Every structure is written in C-alpha cells, then in structure tokens.
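Okay, so here's the structure we're looking at.
2 protein chains.
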Amino acid sequence: MQKRYMFTPGPTMVPAEVLLAEAAPMIHHRTPQFSRILREVTDGMKELFGTEQEVFIIAGSGTAAMEAAIANTCSPGEKAICVAGGKFGERWAEICDAYGCEVNVIEPEWGRSFSVEQAEAALSESPQARVLCITHSETSTGALTDVEGIATLTRETGTLLVVDSITGVGVHPVRMDQWGVDVLVSGSQKGCMIPPGLAFIAVSPRTWDVIEGCTSPRYYLDLRAMRKNLQGKTTTPFTASVSLVRALHKALEMMREEGHENVFARHARLAEATRAAMRALGLKLVPENPVNGVTAVWAPEGIDTGEMTKIMRDDYGVTIAGGQGHLKGKIFRIGHMGYVSEEDLLVAISAVERALRELGYEFEFGSGLAAAQRALFGEA
Amino acid sequence: MQKRYMFTPGPTMVPAEVLLAEAAPMIHHRTPQFSRILREVTDGMKELFGTEQEVFIIAGSGTAAMEAAIANTCSPGEKAICVAGGKFGERWAEICDAYGCEVNVIEPEWGRSFSVEQAEAALSESPQARVLCITHSETSTGALTDVEGIATLTRETGTLLVVDSITGVGVHPVRMDQWGVDVLVSGSQKGCMIPPGLAFIAVSPRTWDVIEGCTSPRYYLDLRAMRKNLQGKTTTPFTASVSLVRALHKALEMMREEGHENVFARHARLAEATRAAMRALGLKLVPENPVNGVTAVWAPEGIDTGEMTKIMRDDYGVTIAGGQGHLKGKIFRIGHMGYVSEEDLLVAISAVERALRELGYEFEFGSGLAAAQRALFGEA
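Set out below in structure tokens:
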C-alpha cells in the first residue's frame, strides 16, 4: 500500500466531503436552486476577500482572473507597473505586455519582498501608471508582500492596485476594502480546498469607471457582463462550472465551521513549524519575509530538487514542488495550504528527511520532525 | 419522493460513474500520471472531432473556446462573416465585434439553416473575410447547418471556416479534417456527458499561419502556448481543471464502449422519436432541418413556455428549456443529448403532456408517448 499525500502549492488536497459535493447529480445553472448556491458562495468569497463588493466567479484557472484584471482596466498604450519577483509576478508583466501596455517591470531578487519604499519610488517614477500589479503571496519563492502598506500609497493616486492573492486568500487574512485594494484575484485550488477550475475577482468602486472606459477587447472575461448577470439575475453570463461551485459551497461551509481566524492561525502554525523543521535540518529559506501557504527552501549544495521530489513522490507517495524558472532544481517548496492538518505536516517533513538522506545530505535524522513537533506543540 | 430528470440542452445528465471519477482524490497537474490522462483524453476528443490535429482542452465554458477561435485568428479591422440564426450564432458576431472586426452579420430567420448557397453568396460578397463563423447545431432553435457543404467552399478560399459544434460533437458525426473545417470548438456539458467547465478547440494546419500573424491580444486563450505545452510536455500552459479532465476520461471510455457510431445512432433515434411525439400532440417544430441533440417546438397558441417549464420542473421534477431571445415564452426545447436513454425520453414526453394538459391545451392524452414508443420500437 502506498497512500498518497499532496503538499504542492496548488492544487492542494481536497476534503472527501468536498469531493462528494462536487459529485452530486448535475443541476441546471439557470434555476433558482443554482442561483441560491451561487449567492451563498459569492457571499462566502466576499468574507474571505474582505470586501462588500461582489466577487465574480469565473470558470477558468487563476490566470483567467489575472487576465480579466488587465483586460478590463488597461487600454493599449497605457502604463503598467508590474512587480516580477517570481514566476507569478512575471505573469503580470506578460499579460500587460500582451495587452499592449507600456510595462515598467520591477524585478526584485527572487525571494525578496517588494517594499512600500520601492512602491513609493515606482509610483513617483510612473505617476501616470494605470495599474500597479503585485503578488500578495508569491508561490514560486514563498515571499509575502505588504499589500496593506502599498495600498496606503495607491489609494491616494489614480493608479489602481491590482493584487494576485491566488495563494493568499483563505490562508492569510485579506481586507480588500479596508486596505484599499482595487482589483483582487484568486483561484480555487489553493486555500479554498477545491480542485482547480474556478477563478475569483473583485474590484473597488472607483475601478468601475476605468472598466467602462477601457478599450481592450474582452468577452468571456468582461466584468461588466459578470456584474449585470450577478446583480440582475444572480447568475453568470456564461455557463457556470456547476460542480466546482457546489464543491466550493461545501468547502466554504467547512471553513466557516472551523472559523476564519482559526483557519488563518492554523496556516501560521503550519508555516512556523515547517520553517523550524527546515532550520533544524540546517537548510536556508528562500524568502526573507515568508508566506504561510508554502515554504520555499534552498537545497543543500549538490542536491538537485528535481531528483529529490521524484524520490519523495515515487518512493514515499508524497508530492511537493521543485523550483520554477531559474530556481528549477535549486529549491524545493512544501505547500501547507488548505486541507492540511498538523498531523499531515509531519508526513511531509518525514519524506523530506528521507529523500535528503538518500541523496547523501548529512544531518541528524529525525531532527526536522522533532523541531516541527516542538513548534506545533508550542514549545519552539 | 420526487426524482429529478434533466432534459436541458446543456448542462446534461452526468453518469454516476463519471461523477465518481470527478470525485477521485486530487492529483497534481504537472505529473506523469496527469499527463497520461491528458494525452488519452486529447486523443479521445480527436476521434470525436474527426481530426488528426491536437484538440486543446481549456478550463472554461464553451464561450472561452469561441473567444479563443476569434482572438487567435482575427486582427482588429479584419472582416468577419458571422451567421446569426440563433442566440449562439449571435455570440460569434458579438465576439468578433468585441475584437474590433468589421462584421458582416447574416441573419437567417431563427429556425432556418444557413445554406451552402447563402454561404456562396456571402463569400463572394466578402472575399477578403478572414473568417466565416457558423454554428453546427444551433441550440437555441434546434437547427442544423450543413458544415460539410459549406467547407467545400471555404477550403478553396483564404477565409477560415470557424465552427461552433458545442452541441454537435458527441451527438452528430463530425469529420473536421475530411470536411475541411479550420477551427472547431466544443464544450463539455453536452454530448460529452460531463459537467460544465471544459472547452475544446482544434485548428487546421493552415490556420496556424494566421494565428502566428494575428495581432489581437490574448494570454489565457493563446493557442500558441497551448500547442507548445501539449506537444512539448503533454501539459497545459495554465493549471488544468484536473477533476473535470478525469471525469471526461471516464465519459470518453463509456462512449468508446458504446461505440461512437452507436452513440450517434442513439441520438438520431431519440431525436426522431421526440419529433414524432410532438407531431402526434399536434405541435410544430421550430427548425426546418433539425439537429439530433435538442428538439425545439412551438408552444400551442396562448401557452407560455415559461409557465409550462416551471410546472414540469416543480410538479414533475423534469427540467427542460424554454426559449431564448425573442423566442422566450414561445417555444420549448427538449434536450436529448449525452446520457439519455430511450426510457428516459418517455419521462420527458410524459411531463410535456401533463404540463400542456394542465395549461388547457386539448389533445389526446398519451398520444405523444404512444408515438414515441412506436418510433423507438421501429414501428413509426
């Protein structure tokens, strides 16, 4: 028997209760029954986004919501500031470029967080920028961005703050309205504990004026049509991904039962324990200011993380992620977001230890697990 | 007890086997395990499309694939001929318009099929058209288009034939390569028997030259990225909708077991029986040349189909569809595509009879069922 565990930074493990909700007999999407579910799910996402605005649910992956953010706000030739301190930050620049924006790409060293001071400099350098695109939780490096701090700057300007919180929502507290974020996007297969296939987006009141005037082509991702359909008839402009919406309905119910503050505290505890374990193994974290959904770690000298993750998956049934882009082979990433318990985490750390041992890295075997145990029990 | 039946032209009923495949524990999308599934599913869709080209699987609804068709082929200012003989044909015109095309909209009366002769006239009127967009099976009216015939014209010209076969694939035989279709799109919640949330698109070899030169912005729907990822690494550029792809894997297996020719023959039989039943009830069909996935019927004078479908759903647990656009209230549509047996069909016809009876329409009660019974038994 080889039981399988998934500690990837998305897709994440899905509770059996949610899988069974997804497997319920099909219903039609233009019915009072589905509209009721859609409204409850939308309201649940509003809580996680920290907004009174509508959260629109798109059938698509997180990138679809990122593209919706740009296609609805940036007209060709407009200026965009994109912070590319990782693979997902780079995606903002790629999308803005595809839409004909004049892109100012800021490239913090991967693992470094874009700071409020850097944001201030970027905004004064490009005061006409239509958008400043940042990544709340950069999944490729595990670096956290101070969205709240940066929003204090943008809300005083005409530049919209566009935030990818795909691995932030449901993991970290998000206060879109209170912070002053203009566009926030997220995805389903992360903190929300459901399979991939849904993307989420909400926009601030002032963003609607920009959307109305935006000349970029869009149809499937047109936020005006989404608003009209949701507010008018509690429906979606195009066929909703019915089974995934029902999975989300169940997942949000489970998160509400646990209590959102407890969900965030659990993620903080899992992250702290993972970091403690990695330090005990003599390893160094990639980010200076880490997120709580994934821990990115430098591999020991001479160890290829492609090989390491393959051993973990094939020999121990434990899937984690390697590095992306120029960090491929050099780092490994342990996802601990969504449906991950303290007990699960021990499985991940155990497998990391075993693979490192097999690959010849010298360390006190079991010391990572012991450190996690202490941290989780509050004795760190 | 009220058992529920769905005879809508999408979403359609999903076999329990498929629902359970969808509910399997999550796996990561960048693994050999998922790549194997993706390859098998892609190959299965190629059979249904009748093409040797790749069929790209998009996380999104069918409209996403329609937009992909236009965003990748039409540059702003180029000419597009769009046949809008129903709600979904109109969608082609809306998308082409959103992308800045100069759109020549041809509007056959709803229910009439766009003919080869009309196509010939349209192509000679707009010889520079980049695309001719048609609807294989127009779900809003139940009208079938002679795609094969029209393709004999376009393949001799520089105009690409772009076909929405969202309710055609898996219902009617489709021979994309043999006919000479350039772009074919479909969706998951129709003949393919899975929930909504996947869209499909394939393009002919000559279309790639147009795609490379197309200047319209696209990122999530960029076919170049889809091809590169599928052919290079048997993967998708963005996170695949893992659970729906696995559902499709199971559904395609079931369709292969039944035999594709048998699947098409079953749809033809269901459609013929439904038409016979409606004629026996003294009702008139909307299309002159009907499709096999849905039967669109004019309501008797004085009967509102909104009221009729509500009675069917609430009192008898049977969901069918009313009319769309200017046919709202005037027609009803019985979907019989995907996971519909001969026995199921009797349930639909029974509920139509009951609702019409309640609404005061005079006819011989049971005559629709009897006609269907005869047609299904080959005694029509």
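Those sequence lines, one after another, are chains P and V.
For the first sequence, the residue numbers in our numbering are 43 to 422.
For the second sequence, the residue numbers in our numbering are 43 to 422.
Glycine included, each C-beta is placed from N, C-alpha and C at the ideal position.
Note that the structure is predicted; figures quoted are calculated from it, not measured.
{"Asked": "C-beta neighbour in chain P for residue 441 of chain V, strict 9 Å", "Found": "Chain V is shown from 43 up to 422; residue 441 of chain V falls before or after that span and cannot be answered."}
{"Asked": "Presumed contact (8 Å Cβ cut-off) between residue 125 of chain V and residue 176 of chain V, rounded CB distance", "Found": "5 Å"}
{"Asked": "Counterpart residues of residue 39 of chain V in DSSP-defined beta bridges", "Found": "No answer is possible for residue 39 of chain V: the residues shown for chain V start at 43 and end at 422."}
{"Asked": "Chain-ordered chain V contacts of residue 260 of chain P [CB-CB under 8 Å]", "Found": "140"}
{"Asked": "Reduced DSSP secondary structure (H/G/I, E/B, other) of residue 291 of chain V", "Found": "helix"}
{"Asked": "Three-state secondary structure (DSSP) of residue 48 of chain P", "Found": "strand"}
{"Asked": "Unbroken stretches of the beta strand (DSSP E), 3 residues or longer, contained in the stretch 215-287 of chain V", "Found": "225-229, 240-245"}
{"Asked": "Amino acids of chain P, ordered along the chain, whose beta-carbon sits closer than 8 Å to that of residue 48 of chain V", "Found": "68, 69, 70"}
{"Asked": "Test item: CB-CB of residue 208 of chain V and residue 227 of chain V under 9 Å", "Found": "yes"}
{"Asked": "Partner residues on chain P for residue 382 of chain V, Cβ-Cβ distance less than 7 Å", "Found": "By Cβ distance, chain P contributes nothing, its closest Cβ being about 12 Å from residue 382 of chain V, past 7 Å."}
{"Asked": "Whole-angstrom distance between residue 401 of chain V and residue 115 of chain V, CA atom to CA atom", "Found": "49 Å"}
{"Asked": "Chain V contacts made by the stretch 345-373 of chain P, where a contact means CB separation under 7 Å", "Found": "361"}
{"Asked": "Those residues which DSSP pairs with residue 332 of chain V across a bridge", "Found": "V:185"}
{"Asked": "Residue 62 of chain V: contacting residues in chain P (beta-carbon distance under 8 Å)", "Found": "65"}
{"Asked": "For residue 150 of chain V, the nearest candidate out of V:296, V:160, V:142 (CA to CA)", "Found": "V:160"}
{"Asked": "Contact under 9 Å by Cβ, residue 283 of chain V with residue 238 of chain P", "Found": "yes"}
{"Asked": "Cutoff 9 Å: residue 264 of chain V Cβ touching any chain P Cβ", "Found": "yes"}
{"Asked": "Residues from the stretch 222-250 of chain P in contact with chain V, defined by Cβ distance under 9 Å", "Found": "229, 231, 236, 237, 238, 239, 240, 241"}
{"Asked": "Cβ-based neighbour list, residue 296 of chain V, same chain, cut-off 8 Å, excluding 5 preceding and 5 following", "Found": "57, 59, 60, 235"}
{"Asked": "Sequence-distant residues of its chain with Cβ nearer than 7 Å to residue 50 of chain P (five each side left out)", "Found": "361, 362, 363, 377"}
{"Asked": "Chain V contacts from the stretch 278-302 of chain P (Cβ-Cβ distance under 7 Å)", "Found": "280, 281, 282, 283, 284, 285, 286"}
{"Asked": "DSSP three-state assignment for residue 152 of chain V, whether helix, strand or coil", "Found": "coil"}
{"Asked": "8 Å Cβ cut-off: residues of chain V touching residue 137 of chain P", "Found": "261"}
{"Asked": "Neighbour list for residue 103 of chain V in chain P, Cβ cutoff strictly below 7 Å", "Found": "101, 280, 281"}
{"Asked": "Residue 171 of chain P to residue 262 of chain V span [Cα, whole Å]", "Found": "23 Å"}
{"Asked": "CB contact flag (residue 216 of chain V, residue 91 of chain V, <9 Å)", "Found": "yes"}
{"Asked": "The stretch 388-397 of chain V in contact with the stretch 91-103 of chain P per 3-pair CB rule at 8 Å", "Found": "no"}
{"Asked": "Proximity winner among P:291, P:307, P:416, P:337, relative to residue 62 of chain P (alpha-carbon distances)", "Found": "P:291"}
{"Asked": "Collapsed DSSP secondary structure at residue 419 of chain P in the structure displayed", "Found": "coil"}
{"Asked": "Buried/exposed call for residue 45 of chain P, threshold 16 Cβ in 10 Å", "Found": "exposed"}
{"Asked": "Given 8 Å, three or more beta-carbon pairs between the stretch 197-212 of chain P and the stretch 124-142 of chain P", "Found": "yes"}
{"Asked": "Host beta strand (DSSP E) of residue 78 of chain P (start-end)", "Found": "Taken as a continuous stretch (DSSP letters only), residue 78 of chain P belongs to no beta strand (DSSP E), being part of the alpha helix (DSSP H) at 74-91."}
{"Asked": "Reduced DSSP secondary structure (H/G/I, E/B, other) of residue 138 of chain P", "Found": "helix"}
{"Asked": "Expected contact under 8 Å - CB spacing of residue 423 of chain P and residue 380 of chain P to nearest Å", "Found": "There is no way to answer for residue 423 of chain P, as the model of chain P reaches only from 43 to 422."}
{"Asked": "C-alpha gap between residue 158 of chain V and residue 255 of chain V, whole angstroms", "Found": "29 Å"}
{"Asked": "Own chain residues within Cβ distance below 7 Å of residue 417 of chain V, not counting five before or after", "Found": "314, 315, 318"}
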